[in-house]
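4 protein chains.
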Amino acid sequence: MTETSPAPRGRRRSAHSHQAILRATSDLIREDGYSNLSIEAIAARAGVGKQTIYRWWPSKGAVAVDAFVAELTLHATWTDTGDFRADYLDHLRRFATLLADPAFGPHIAALTCEALHDPAVAEVLQQRVTGPSRAAHRERMARVQAAGTVRNDIDIDLAIDLMYAPFWFRLFTRAVPLSNLDPVALGEAVLRSLEPSAVDGSSE
Amino acid sequence: MTETSPAPRGRRRSAHSHQAILRATSDLIREDGYSNLSIEAIAARAGVGKQTIYRWWPSKGAVAVDAFVAELTLHATWTDTGDFRADYLDHLRRFATLLADPAFGPHIAALTCEALHDPAVAEVLQQRVTGPSRAAHRERMARVQAAGTVRNDIDIDLAIDLMYAPFWFRLFTRAVPLSNLDPVALGEAVLRSLEPSAVDGSSE
Amino acid sequence: MTETSPAPRGRRRSAHSHQAILRATSDLIREDGYSNLSIEAIAARAGVGKQTIYRWWPSKGAVAVDAFVAELTLHATWTDTGDFRADYLDHLRRFATLLADPAFGPHIAALTCEALHDPAVAEVLQQRVTGPSRAAHRERMARVQAAGTVRNDIDIDLAIDLMYAPFWFRLFTRAVPLSNLDPVALGEAVLRSLEPSAVDGSSE
Amino acid sequence: MTETSPAPRGRRRSAHSHQAILRATSDLIREDGYSNLSIEAIAARAGVGKQTIYRWWPSKGAVAVDAFVAELTLHATWTDTGDFRADYLDHLRRFATLLADPAFGPHIAALTCEALHDPAVAEVLQQRVTGPSRAAHRERMARVQAAGTVRNDIDIDLAIDLMYAPFWFRLFTRAVPLSNLDPVALGEAVLRSLEPSAVDGSSE
DNA sequence: ATCTAATCGAGACGGTACGTCGGGTCTTTTG
DNA sequence: CAAAAGACCCGACGTACCGTCTCGATTAGAT
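Structure follows, in structure tokens:
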């Protein structure tokens, strides 16, 4: 009844190699940085043929995303205790810690950069990280906006950008150290711009 | 009495080659994108020996910064008509236009990425673009804060980040298109978070 | 029981590229001379990556030796009709013709020069040309010396040097043109210094 | 009366630089070998501009010949005590010692090689070393041939070649070590091929 | 005493080739 | 038939020298 796939023959994909590749990639990025990563090095470190990598991933960026994506998705959204302000500030604190981690921030920054000229990376990142995260945030914001906790004359995507953009800005430009960015101060400033106007909350 | 320069010996740097290199770099970036740029191509296009490039720039990223920096600095700060709100919104509009320009935004994004793993690029970018811009903004913000136009319990760097970060965020992550970002809406949201509290304006 | 080779893995050396490289090298040497030869030109002419050359030869000299060695070995030794004098003079004539050939003499001279500072060339030349030739000559000389055709109080290597050295001398120093060297006159002078003394032939 | 040169104006050639260049060249050859010699290194070592070298010599080989030629000419000919046999053997011994000197033999060999593709070197070498030496030898051989000490049916150049060629042969090919070549054994073998025939000395 | 011309050091210039790295593709043998 | 091994063509890297070309600073004969 359901669409049966055409029943594969021959040797199947080696889970062992798959894991070895991701592991080697993750290790190499942490050791030499993303920009020194090469397919050749991954293959050598994983004890794998280059072809095996090319067979399953379109580019080195795609491998790297796979190697990092698990850690990313853990932090993509936040819990809902019903208290928007508390939830947001709490999440912001944990997000700040993650980006400031020297074993994480620089690498996710490099991956984001890679996405700029590697469509494969852009797509994987979008589908696995950015997309779900943005969707979850939109949904939450829509709820709080409907409840009147957040003013309703602000675009949801603009609100979300305001909430997180400063972290990324510092991660990329480094004009000011990321560690100097107080998540609570940021959170409160943002909340100020989101709160319903004194005159009128939802009538507009 | 005055600072005597160390008296140059030998042939002097060729202004012609210098210009040809910057020009070739700029052209190549616009044609093939920054990630396809190579020192070899720059040299060939400029009719110059590779050594001449390596003699004056530490890396291809540094050449690219030099080739783009003139256009960047034009937009790094904003004029002061005395009306903070108007000046900021006006500048934001022009900044948005610049970043959204397909002949500019992607390239400055790529350069910012390059700075992440090329210290030479980071330094040039900092000294020629980020540093002066940040300094000018800080000075302006300090003035408006002293005048009570902006609340004084907010960190100046945090304020500046809020003012610009969303543009960069969309430029890099592309979760939402940059063109959807209404600079006026952003500006008004930010201004809301900066305005003095109703209770207390400047007494603190 | 037999020597089992260690079982080769991966793609095997391309016979096509191998031949193309030797062919291109040979052509280039004849066109531009050995001193204008470059790995880059060989690769381009042969339609081959530089790496493929570096993978199999240690230096451009080694490639050149391989490209020339076949022609050389053809002339390295001489036939044995039983008549030492006739065989020697005959071979000398053909050797003279070979060295005087403008498509050959200068190139083998250049290779011999290269061997002076490139140990890899020296070794290949020794193993493929000089060594076998010298061994064959020693064996022949030992036989004729035992037979009393050649005096036995002369060192075999010295005798062989006398027999050929003048050709090389003129090839290198060019004080006198190689073409002026009459192989028969040389051969007869040498034979004179080799013939058994009148007093005593083989008793010593 | 004589052709007066047009009276030079301006600064004259610096004897100091001239010497420094030859000295640096000689030192560099002995330290790194002729094949690693470069104009740039000579200039740096001598504390001299490259142009100064190019102004006075056509190529690096020409500089090297100048740097070595003094030592060479010392040994180019031999004294005439009236005893041909003794003079020849004596000179052969000293010549053998010179060529076997590791601080000399390899470098003169390299220069001879250079002459093969650098006409400037060939010419200087010919005019300063090979030519005079060959002329002196020819003159001496003509005398001894006229005196009946040497058979008169042998070409003088062939005779001279026989007398020296084996040294050069071993210097270049290294099939057998140069040090194994006994100059006296060589000399006696050559003399045997030069002595007048038993039947008739000068009548032919 | 000046002028004039050639040389000097220094070093930037357009080039060619070097030997290496890595990219992505293509055999070949083994499991 | 996937996987390891690894050879293949190719493009770019950063370096070494080449031979040429300014530079400002000597230096010495001619004026």
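Chains as they are written, first to last, in the working numbering: chain R, 1099 to 1302; chain L, 1099 to 1302; chain W, 1099 to 1302; chain B, 1099 to 1302. Think of the CB as a built atom: it goes at the ideal place given N, C-alpha and C, for glycine as much as any other residue.
Do residue i and residue j have their C-beta atoms closer together than 9 Å?
i: F1166(W); j: S1115(W); result: no
i: A1194(W); j: F1265(W); result: yes
i: L1256(B); j: L1279(W); result: yes
i: V1242(L); j: V1163(L); result: no
i: L1126(L); j: R1143(L); result: yes
i: L1187(L); j: V1282(L); result: yes
i: F1270(R); j: T1210(L); result: yes
i: L1292(W); j: L1190(W); result: no
i: R1272(W); j: Q1224(B); result: yes
i: A1360(W); j: I1140(W); result: Residue 1360(W) cannot be examined here, being either before or after the span of chain W that is shown, 1099 to 1302.
i: R1111(L); j: W1154(L); result: yes
i: A1287(R); j: I1252(L); result: yes
i: R1044(W); j: L1289(W); result: Residue 1044(W) falls outside the range modelled here, since chain W spans only 1099 to 1302, and no answer is possible.
i: N1250(R); j: P1294(R); result: yes
Examine chain W for any beta-carbon lying closer than 9 Å to the beta-carbon of residue i, and answer yes or no.
i: W1266(B); result: yes
i: V1248(B); result: no
i: S1136(B); result: no
i: D1259(B); result: yes
i: I1127(B); result: no
i: I1252(B); result: yes
i: R1238(B); result: no
i: V1288(B); result: yes
Taking CB distances under 9 Å as the criterion, tell me whether residue i reaches chain L.
i: P1204(R); result: yes
i: Q1224(R); result: yes
i: A1139(R); result: no
i: G1229(R); result: yes
i: D1181(R); result: no
i: F1270(R); result: yes
i: V1274(R); result: yes
Can you name, in chain order, every residue of its own chain whose Cβ lies under 8 Å from the Cβ of residue i, other than the five neighbours on each side?
i: G1145(L); result: A1118
i: E1304(W); result: Nothing about residue 1304(W) can be read from this structure; chain W reaches only from 1099 to 1302.
i: L1135(R); result: T1123, L1126, I1127, K1158 and A1162
i: T1179(B); result: D1185
i: G1203(L); result: L1196, L1197, L1269 and L1276
i: E1302(W); result: Residue placement at E1302(W) is poorly supported in this model, since its pLDDT is 41, which falls under 50; the coordinates are not used for a value here.
Just confirm the distance between the C-beta atoms of residue i and residue j, as a whole number of angstroms; I'd bet it's less than 8 Å.
i: R1268(R); j: I1254(R); result: Not confirmed; about 24 Å, so no contact.
i: L1260(B); j: L1276(W); result: Their Cβ separation, rounded to whole angstroms, is 15 Å, which puts L1260(B) and L1276(W) out of contact at 8 Å.
i: S1157(W); j: V1248(W); result: With 8 Å as the limit, S1157(W) and V1248(W) do not qualify as a contact, their Cβ atoms being about 40 Å apart.
i: A1263(W); j: A1263(B); result: 4 Å
Leaving aside the five residues before and after residue i along the sequence, list all residues of the same chain whose C-beta is less than 6 Å from its C-beta, in chain order.
i: Y1132(B); result: H1205 and A1208
i: E1212(R); result: G1159 and V1219
Checking contacts by CB at 9 Å: is residue i closer than that to chain B?
i: H1189(W); result: no
i: Y1132(W); result: yes
i: T1195(W); result: no
i: D1055(W); result: Since the displayed chain W opens at 1099 and closes at 1302, residue 1055(W) lies outside it and no answer follows.
i: R1232(W); result: yes
i: L1170(W); result: no
i: S1157(W); result: no
Checking contacts by CB at 9 Å: is residue i closer than that to chain R?
i: S1124(L); result: no
i: A1213(L); result: yes
i: G1299(L); result: Confidence at G1299(L) is low in this model, with a pLDDT of 44, below 50, so the placement of that residue is unreliable and no value is reported for it.
i: E1302(L); result: Since pLDDT at E1302(L) reaches only 41, below the 50 mark, its modelled position is unreliable, and the value read off the structure follows with that caveat. No, E1302(L) lies away from the interface with chain R (no Cβ there is under 9 Å from its Cβ).
i: T1210(L); result: yes
i: Y1152(L); result: no
Near residue i, what residues of its chain come up, given a Cβ to Cβ distance below 7 Å and the 5 sequence neighbours on each side ignored?
i: L1120(W); result: D1164 and A1165
i: I1151(R); result: I1119, I1137, I1140, A1141 and V1161
Counting only runs of 4+ residues fully inside the segment 1186 to 1259 of chain L, write out the alpha helix (DSSP H) ranges in chain order.
-> Taken in chain order, the whole alpha helix (DSSP H) runs of length 4 or more contained in the segment 1186 to 1259 of chain L are 1203 to 1215, 1217 to 1223 and 1229 to 1244.
Where in the segment 1105 to 1165 of chain B do unbroken runs of the alpha helix (DSSP H), each at least 4 residues long, occur, reported from the N-terminal end onward?
-> DSSP runs (the alpha helix (DSSP H)) wholly in the segment 1105 to 1165 of chain B: 1113 to 1130, 1137 to 1144 and 1148 to 1154.
Which runs of the alpha helix (DSSP H), 4 residues or longer, sit entirely within the segment 1262 to 1288 of chain W?
-> Taking 4 residues as the shortest admissible run, the segment 1262 to 1288 of chain W contains no complete alpha helix (DSSP H) segment at all.
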